[in-house]
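Asker:
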Amino acid sequence: MANYSTNEFKGGLKIMLDGEPCSILENEMVKPGKGQAFNRVRIRKLITGKVLEKT
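In the working numbering, each residue's number is its place in the sequence shown (first place is 1) plus 111.
1) What three-state label does DSSP hand ASN138 in the structure shown?
2) Leaving aside the five residues before and after ARG155 along the sequence, list all residues of the same chain whose C-beta is less than 6 Å from its C-beta, in chain order.
3) State buried or exposed for VAL141, treating a residue as buried only when at least 16 other CB atoms are found within 10 Å of its CB.
4) Candidates LYS121, GLY122, ILE158, LYS165: which alpha carbon is nearest PHE149's?
Next up, the structure:
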């Protein structure tokens with residue numbers, strides 16, 4: 112299984128998250144004025160169809 116860095120995330124990428132297959136819908140790089148930059152990712156679970164947002 113391949114490992115991906117967060118800067119390689121893009122829409123349509125299929126990943127395993129907590130043992131469940133998921134598809135990345137959106138990836139947004141957030142750079143707040145204070146603190147570290149982080150990614151905000153919208154993920155659709157392929158089995159249930161549920162959409163989650165992870166930071």
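Even glycine gets a Cβ: it sits at the ideal position worked out from N, Cα and C. From a predicted model like this one, the values you see are computed outputs, not experimental measurements.
Answerer: Looking at the coordinates:
1) Here residue 138 corresponds to residue number 27 of the sequence shown, with the count starting at 1. Residue state, collapsed to three classes: strand.
2) In the sequence shown, residue 155 corresponds to position 44, counting from 1. Beyond the five residues adjoining it in sequence on each side, ARG155 comes within less than 6 Å, by CB distance, of SER134, LEU136, VAL162 in the same chain, given in chain order.
3) Here residue 141 refers to the residue found at position 30 when the sequence shown is read from its first residue. Flag for VAL141 reads exposed.
4) Stepping through the sequence shown from its first residue, residue 149 is reached at position 38. Closest by C-alpha distance to PHE149, out of LYS121, GLY122, ILE158, LYS165, is LYS165.
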